[in-house]
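Residue numbers (my numbering), protein chains in the order written: chain B, 474 to 790; chain Y, 161 to 419.
Next comes the structure, spelled out in structure tokens:
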């Protein structure tokens, strides 16, 4: 059976717990928790995307759109209608689920490149809507004044507080997804990846599962979008463009698509590269991503998550 | 249940399957009696695999009805037909290569025991109990097909003979009433063929009806109770092995008319 070890998850959770404290001790990385908040937000997306792409084998180049839908619904409903941010978060997830089901039902009948093209087109349409529906979204200038989050009077108003909030959700989503992977549902998803006709012949409702996991990954992306909006208090369409969808793919490709840990590792690395380590490259950042993608595809098709296996192989010899 | 239904598991009436201008099956009528091993033979391109695909719901027939246990199934999707109790193997092995031997059989249990997405995500106790039951059932089946010592191996690492057995095991895990085997002996050596045919007999002895497409005549003649011969999508003969062996139409279809 596919088993995902519990110990690394516990170690990881511990790391998340002590990281802000450790960062405070070292002036050079004092600001890292702030970057980690973004990493956590992106992890929420890539965890779902890893289940969709790595396990169920369905390609999506449109997840920036679901991320954006969550962010804009939170932004619009809180600033224009003064609604409770948590309620907006839920509404965002519900709306995203419906949109994903509507988009997914016809597109998931397509395979391989066609599915990628359909989701790509969807992403571009949503991006145009964010830009053009100026009355609602503020157009290319974006919208500001989105309130922060609070719960029963407890304000998530510092970087550290928000860090723990986001990573709490990340770890919950991670554990939920790991459980799904290790269950009969995960087995059915991997079966669809390997052979749709055999999966169908064994009683797996292929169409339903594809939509289910597509909707799940979209809902996680929407949740991430809401967290993003309430953290930055400002959103504009540029965040949710095609390039972000591709960046998400680079994240899980670098980490390793067929391993849920790959989502965490790849997302962490790419977030730090783009928010911190590649600052000097400015516009040329893209070239570095290209190089990473090339390197991973040619040298490390299993991604970084495959490295322990390769090292183990050396010792066994 | 009428007497006819009790006797026949599967019945095809006037089944036609066309692909564009090509008539792959034309006006096919036959019955499969409960508890028998029925073989379908015929030259290459006779429509045998197409027939399997129609029965198991890969695509609906252009015309005609397929009745399983007295209920029409010709318009059901493949997974619904699997739920009803028809399981199959594939001519070119279609195992889940990305999974272990055990997981392949565990997936086969999907028609009988399944857990919802939410229940599996939250690992409810009932989900855990189900998972345990599934792995126990799968191990029993692996023992039955003689592959229990390889349960941890990746499915695509097995030699072809064992991959074919594993496909049968996976199909058995759904506890089918009717199992459709598409060339279970293709590509196997003599020993492996012997293992496969005794396995098919053992499955049948447990009460499962077997529908079999096979080119290996020794296997077909040895294990089947009844044979259906197809040529160009038409039934040209049907009956017990000894009759088929002597039938002039069948000999002609295989060897060509005598000059």
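C-beta atoms are modelled at their ideal positions from N, C-alpha and C, and glycine is treated no differently.
Since the model is a prediction, treat every value here as computed from it, not as a measurement.
In its own chain, which residues sit with a C-beta less than 7 angstroms from the C-beta of residue 518 of chain B, not counting the 5 before and 5 after it? 536, 540, 693, 694, 697, 721
Any alpha helix (DSSP H) of 4 or more consecutive residues that is wholly inside the segment 494–523 of chain B: 505–523
Candidates Y:406, Y:277, Y:183, Y:407, of which the one nearest residue 393 of chain Y by Cα: Y:183
Label residue 514 of chain B either buried or exposed according to how many other C-beta atoms from any shown protein chain fall within 10 Å of its C-beta, with 16 as the threshold for buried. buried
Looking at C-alpha atoms only, which residue of Y:391, Y:230, Y:169 is the closest neighbour of residue 205 of chain Y? Y:391
Looking at residue 256 of chain Y and residue 680 of chain B, is the spacing between their C-beta atoms short of 7 angstroms? no
Just how far apart, CA to CA, sit residue 786 of chain B and residue 778 of chain B? 14 angstroms
Please determine, among B:687, B:607, B:733, B:588, the residue with the shortest C-alpha to C-alpha distance to residue 643 of chain B. B:733
Grab the span of the beta strand (DSSP E) containing residue 397 of chain Y for me, first residue to last. 394–399
Let me know if residue 419 of chain Y comes out buried or exposed under the rule of 16 or more other beta-carbons within 10 Å of its beta-carbon. Here the model assigns residue 419 of chain Y a pLDDT of 44, short of 50, so the residue's position is not dependable and the matter cannot be decided.
Which term fits residue 386 of chain Y, buried or exposed, when burial requires 16 or more other beta carbons within 10 angstroms of its beta carbon? buried
Under 7 angstroms from the C-beta of residue 258 of chain Y: neighbouring residues of chain B: 663, 666, 667
Who are residue 248 of chain Y's beta bridge partners in DSSP? Y:340
Please report the straight-line C-alpha distance between residue 272 of chain Y and residue 336 of chain Y, rounded to a whole angstrom. 10 angstroms
Residues that residue 362 of chain Y contacts on chain B, provided the C-beta gap is smaller than 8 angstroms: Correct list: empty, because the minimum Cβ distance to chain B is about 21 angstroms.
Would you please verify whether the beta carbon of residue 248 of chain Y is less than 7 angstroms from any beta carbon of chain B? yes
Local conformation of residue 177 of chain Y per DSSP, three classes: strand
So, for residue 760 of chain B: in the same chain, excluding its five sequence neighbours on each side, which residues have a beta-carbon less than 6 angstroms away from its beta-carbon? none
Helix, strand or coil at residue 663 of chain B [DSSP, three-state]: helix
Comparing the C-beta of residue 277 of chain Y with each C-beta of chain B, is any distance below 7 angstroms? yes
Name, please, each residue of chain B whose Cβ falls closer than 9 angstroms to the Cβ of residue 291 of chain Y. 474, 655, 656, 657
Helix, strand or coil: which one does DSSP assign to residue 203 of chain Y? coil
Cutoff 7 angstroms; reference residue 552 of chain B; Cβ partners in own chain excluding five residues on either side: 616, 618, 619
What do you reckon, is the C-beta of residue 216 of chain Y under 6 angstroms from a heavy atom of the ligand PLP? Among the components modelled here there is no ligand, and therefore nothing to report on the ligand PLP.
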